[in-house]
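Q: In my numbering, the protein residues as written are 50 to 393. The beta-carbon is built from N, C-alpha and C at its ideal position, and this holds for glycine as well. Computed from a prediction, not measured in an experiment: that's the story for all the values here.
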Ligand SMILES: Nc1ncnc2c1ncn2[C@@H]1O[C@H](COP(=O)(O)OP(=O)(O)O)[C@@H](O)[C@H]1O
Ligand SMILES: [Mg+2]
């Protein structure tokens with residue numbers, strides 16, 4: 050399963066905020082791969098470190114935040130070894146990002162065309178006429194009607210869905226090899242959301258780019274992703290291909306997420322919330338971060354942090370249950386996947 054080439058390999062990434070002498074570990078040992086041409090979903094509750102992981106990849110972490118460790122290997126080169134100048138050549142060029150709220154990322158005082166042209170000028174050195182032609186072409190590509198007219202309009206003259214399309218057009222201006230989409234549709238209504246996701250998928254097939262899709266919506270994951278990294282408290286707790294994750298979730302947190310979040314194939318009444326709440330950063334449990342909420346936690350879990358371990362078939366789990374050291378009830382091993390011929 051894992052024979053493919055990875056365009057991005059993030060290893061043990063750690064990003065912290067230093068506030069009043071305290072270290073808040075926002076991203077605390079994140080490891081995942083993005084196979085070339087495929088979509089990796091990053092899921093997890095709000096505050097689990099999804100956005101900070103994405104911003105770390107592009108090194109857009111400002112004071113008082115700092116990347117304190119790990120590797121970000123893009124096409125075999127560790128971006129953390131790059132100079133600011135080298136990173137600028139990657140950012141918006143080889144790796145682009147779209148953000149949750151398109152209004153805050155578009156400049157209200159420039160027309161749509163001016164903004165796309167600016168991106169094209171910086172990264173491809175295109176002049177005014179060529180830039181305008183390419184901007185119109187891009188607006189057409191992302192499904193904006195009458196692009197000749199839209200290119201002269203300001204962001205406030207467009208609907209939310211259209212603005213997000215403009216953001217995507219800008220992100221695609223330089224044919225990125227990797228697109229990072231951070232909750233790209235959360236602010237949009239359901240119909241527009243489906244259109245935007247469909248658009249990203251089409252463009253991916255058309256230009257062969259790889260995608261990181263950040264979301265807290267499991268419906269979006271099922272719809273768009275090939276692989277999934279589940280995050281909890283700044284760590285990846287499970288990494289698997291999307292079918293395995295939905296069919297045989299193994300980490301108790303992943304199981305909890307699947308049972309608690311609305312899905313189209315499960316009745317609302319059948320949802321079971323995960324008990325307890327996410328621990329605050331200043332009061333992280335010493336052992337497994339999920340132990341206080343986990344129905345299967347033993348002393349081992351409460352006192353020692355498990356590593357992210359390969360469990361075969363390219364899957365990785367950060368949970369003591371899947372090790373020989375586990376000292377709990379063997380009956381609980383219900384998360385062992387029951388392989389059907391379908392997902393072998
Ligand atoms: N500017 C900041 N200053 C201090 N802490 C921050 C800042 N941004 C994020 N954090 C910390 O990082 C954690 C992860 O944030 P984030 O990556 O934005 O979460 P997500 O995108 O998963 O909702 C937050 O819970 C918070 O503790
Ligand atoms: Mg976020």
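1) Indicate whether the contact test is met: 3 or more Cβ pairs, each with one atom in the segment 207-219 and one in the segment 238-247, closer than 8 Å.
2) Buried or exposed for residue 391, going by 16 or more other Cβ atoms inside 10 Å?
3) Given the structure, does residue 243 come close to ligand 1, in the sense that its CB is under 7 Å from one of the ligand's heavy atoms?
4) Using a C-beta cutoff of 8 Å, does residue 73 count as contacting chain D?
5) Rounded to the nearest angstrom, what separates residue 63 and residue 252 at their Cα positions?
6) Give every residue of the same chain whose Cβ lies closer than 8 Å to the Cβ of residue 103, excluding the five residues on either side of it in the sequence, and list them in chain order.
7) Given residue 305, which residues of its chain have a CB within under 6 Å of its CB, disregarding the five upstream and five downstream residues?
8) At which residues does the alpha helix (DSSP H) containing residue 216 begin and terminate?
9) In this structure, does DSSP put residue 63 in helix, strand or coil?
10) Counting Cβ pairs, one atom from each stretch, are 3 or more of them under 8 Å apart for the segment 113-130 and the segment 66-73?
11) Check for me: the alpha helix (DSSP H) holding residue 162 runs from which residue to which?
12) Report yes if the C-beta distance between residue 291 and residue 339 is below 8 Å; otherwise report no.
13) Which of the three DSSP states, helix, strand or coil, is assigned to residue 155?
14) For residue 99, verify whether its CB is less than 7 Å away from any heavy atom of ligand 1.
15) Excluding the 5 residues flanking residue 121 on each side, which residues of the same chain have their C-beta closer than 6 Å to its C-beta?
A: The short version:
1) yes
2) Taking the chain shown and counting its residues from 1, the one referred to as residue 391 is at position 342. In this prediction, residue 391 has a pLDDT of 42, which is less than 50 and means its spatial position is unreliable; what the coordinates show is noted afterwards. Burial call: exposed.
3) Along the chain shown, read from residue 1 onward, the residue named residue 243 stands at position 194. No; taking the cut-off as 7 Å, the Cβ of residue 243 has no heavy atom of ligand 1 nearer than that.
4) Judged by its chain identifiers, the structure shown contains no chain D, having just a single protein chain.
5) Here residue 63 corresponds to residue number 14 of the chain shown, with the count starting at 1. Here residue 252 corresponds to residue number 203 of the chain shown, with the count starting at 1. Cα-Cα distance, rounded: 31 Å.
6) As a first step, residue 103 is located in the chain shown; it is residue number 54 there, counting from the start. Excluding positions up to five away in sequence, the list reads 91, 146, 229, 231, 261, 263.
7) The residue given as residue 305 occupies position 256 in the chain shown. So the qualifying residues of the chain are 323.
8) Working through the chain shown from its first residue, we reach residue 216 at position 167. Residues 209-221.
9) Position 14 of the chain shown, counting from 1, holds the residue named residue 63. Three-state result, residue 63: strand.
10) The segment 113-130 is in contact with the segment 66-73.
11) Along the chain shown, one-based indexing puts residue 162 at 113. Note, residue 162: alpha helix (DSSP H), 161-173.
12) Locating residue 291 in the chain shown gives position 242, where the first residue counts as 1. Locating residue 339 in the chain shown gives position 290, where the first residue counts as 1. No, they are not a contact pair.
13) Here residue 155 refers to the residue found at position 106 when the chain shown is read from its first residue. Three-state result, residue 155: coil.
14) For this step, residue 99 is matched to residue 50 along the chain shown. Yes.
15) Against the chain shown, residue 121 aligns to sequence position 72. So the list reads 59, 106, 128, 129, once near-sequence residues are dropped.
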